[in-house]
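Here the working numbering is used: the first residue of the sequence shown is 204, the next is one more, and so on.
Written out below as structure tokens is the structure these notes cover.
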Amino acid sequence: MEKIIGGIKRECYPLTAAQMVHIYTLSLSPTHEIVNIGTGQYLKTGLNISVLREALNRAVERCESMRMRIWKDPDTGELLQYIMPYENKYFEYYDFSALTEEKAHAILDRWTSQPFDTFGGELSRIVIVSMPNGYNGYYFNVHHCCMDSCSVITFTKDVMDIYCHLMYDLPYPKPMASYIESVKKDLEYNGSKKQLRDAQFWQNVLNQPEPMYTDYTGPGRMIQWRKENPDQRWGVLSTKTGAGRTVTYDLSVDSTNKILRFSEEHNIPVSVVILHAIRTVLSKFNNNETDVTIKDFVSRRSTLQNKRSGGVRMHCFDLRTIIDLDKTVLESMEIINKAQQELFLHADYPTLGFYGQQRQIFGYPQGGCYQSVSFTYQNATLKSLVPYLKDIPVKSRWYNSGRQPQPLYITAMHRFGDGGLTFHFGYQSELVTPQEIEFLYYFTGRVLFRSIENPNKTIQEIIDMT
């Protein structure tokens with residue numbers, strides 16, 4: 204549809220279901236930086252700043268979602284999106300090389316806490332930086348309605364591919380896919396046969412008996428809630444401000460390779476191996492509860508069009524599994540794998556629609572839920588995607604805006620430098636402490652490696668071993 208915005212006719216489109224999740228998050232937050240994604244990509248090599256500026260400009264020109272704007276119709280209140288024409292930009296340069304890493308990263312954390320003007324303003328910021336210890340690159344902050352983590356990684360790859368072409372005459376990267384065409388396909392989902400099939404699947408899920416909440420700190424919260432309602436099965440995790448931080452833990456390359464070898468040997472996705480460990484810990488912490496739910500985030504990028512179109516395509520749903528303690532590790536993983544594959548198959552269904560129906564059926568209040576942990580796994584690494592970086596040390600940093608939209612969100616991601624796994628624990632500081640996260644990470648690691656070392660032992664045996 205065409206709209207006159209600022210005196211200029213624009214081709215506009217409704218927001219997608221994935222974008223509306225972040226609009227909903229904004230509606231519950233007093234400030235808008237809660238949807239910022241701040242990252243830094245740094246190479247231990249001298250960079251040609253003028254060439255990097257050119258590479259960044261070309262990457263922005265090729266990525267429509269980087270030029271996306273959100274507009275609220277003043278007459279109807281409807282939210283629409285449109286793409287601004289490309290304009291060459293002069294990206295600022297800051298030299299932090301004389302600072303300590305801690306001070307440099309603190310500055311970039313502060314930059315990430317600066318909110319964008321969601322309804323009408325530019326929704327990203329890029330700054331070229333020199334960091335301590337000889338690392339150089341760029342800082343990138345973007346609104347979550349424009350990009351998710353998969354898009355950030357794809358955009359980063361495109362920047363580096365273009366830079367390597369300009370500097371070293373390596374092949375020019377293939378074109379990015381159209382973000383708007385991806386949006387159109389998402390909008391065609393409404394009322395389609397696929398939507399009807401997905402709606403029936405999630406209705407069948409919701410027709411099951413009520414799930415059981417399992418807390419990452421143990422049964423203490425549920426014991427308190429049940430003093431007022433002895434039959435309560437849902438939890439309430441809500442904060443007034445969404446204030447939060449991120450704690451990261453780096454797994455060694457050797458330990459990461461053990462997980463990858465196990466995954467390949469048994470044909471089980473890495474995400475399932477990690478999910479098995481998390482759900483087993485939640486069971487252990489909650490008196491060996493067999494009914495465990497984790498909020499699983501899905502990127503929905505199964506096609507080349509969706510992988511290279513930018514934007515945000517993350518949906519999330521409850522991954523609920525009921526696993527008896529006499530099941531073996533491999534049997535448990537197969538149950539989780541089957542449940543996750545079914546979730547993936549029907550993940551185009553709107554996240555807000557699912558949780559709205561769930562709340563109606565079971566009657567829990569605002570902030571109520573059956574899962575205390577959210578999870579996603581990112582398997583791409585920059586070094587595996589950009590061959591030129593093979594012998595150059597690489598650092599990647601994900602910065603904190605000071606807000607967290609999820610009570611506890613675990614992201615397992617391979618490091619750009621050596622491919623080892625890093626676990627990012629984003630948490631709301633009113634609900635959990637860093638010490639509690641460290642305790643959770645410690646036991647998750649113990650369960651994970653006891654499990655892959657003893658795949659034929661039962662869940663009860665693994666729990667007893669940890």
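Idealized CB from N, CA, C, for every residue including glycine.
Values in this document were obtained by computation on a predicted structure and should not be read as measured data.
Partner residues in a beta bridge of I462, as assigned by DSSP, do not exist. The closest CA to that of L485, considering only Q406, Y567, P422 and F557, is found on P422. Membership of W405 in the alpha helix (DSSP H) is indicated by the continuous run K396 to L409.
Just so you know, the alpha carbons of I640 and F628 end up roughly 7 Å apart.
As computed with DSSP, Q284 is found in a beta bridge with Y216 and I273.
In the structure shown, M616 falls within a strand segment according to DSSP collapsed to helix, strand and coil. Annotation for V635: Y419, T420, P610 and L611 place their beta carbon closer than 8 Å to its own, counting only its chain and skipping 5 residues before and after.
One thing to note: V576 has its Cβ within 9 Å of the Cβ of I613.
Counting C-beta pairs closer than 8 Å gives three or more between the segment 647 to 661 and the segment 480 to 495, which meets the contact rule. Less than 9 Å separates the beta-carbon of H308 from that of G243. Q435 sits in coil when the DSSP states are folded into three classes, being neither helix nor strand. Under the 10 Å beta carbon count, P233 is surrounded by fewer than 16 other beta carbons and is classified as exposed. Straight through space, the alpha carbons of C348 and Y382 are spaced by roughly 12 Å. In this chain, the beta strand (DSSP E) harbouring F520 covers H518 to I525. In the DSSP assignment, R448 falls outside any alpha helix (DSSP H) and within the unbroken beta strand (DSSP E) covering G447 to D453.
Shortest Cα-Cα distance from D529 to any of I665, D361 and G620 involves I665. For S535, the enclosing alpha helix (DSSP H) stretches over residues V532 to L548. It is roughly 45 Å from the alpha-carbon of A615 to the alpha-carbon of G210. Taking T279 as reference, the option from K292, K206, N339 and L259 with the minimal CA-CA separation is K206. By the 16-neighbour rule on beta-carbons within 10 angstroms, M668 is exposed.
Under DSSP, the beta-bridge partners assigned to H627 are T451 and T614. One Cα belongs to S316, the other to G323, and the distance between them is close to 19 Å.
Residue pairing of Q244 in beta bridges, as defined by DSSP: Y341 and S599. Annotation: the segment 292 to 350 contains the following complete segments of the beta strand (DSSP E) (minimum length 3 residues), in chain order: 296 to 298, 327 to 333 and 339 to 346. Judged by DSSP in its simplified three-state form, G571 adopts strand. Rounded to the nearest angstrom, the gap between the Cα atoms of R429 and N291 is 59 Å. Taking C-beta atoms under 8 Å as the contact rule, L522 and D551 fail to qualify, at a distance of about 16 Å. Taking the Cα positions, V439 is about 44 Å away from E264.
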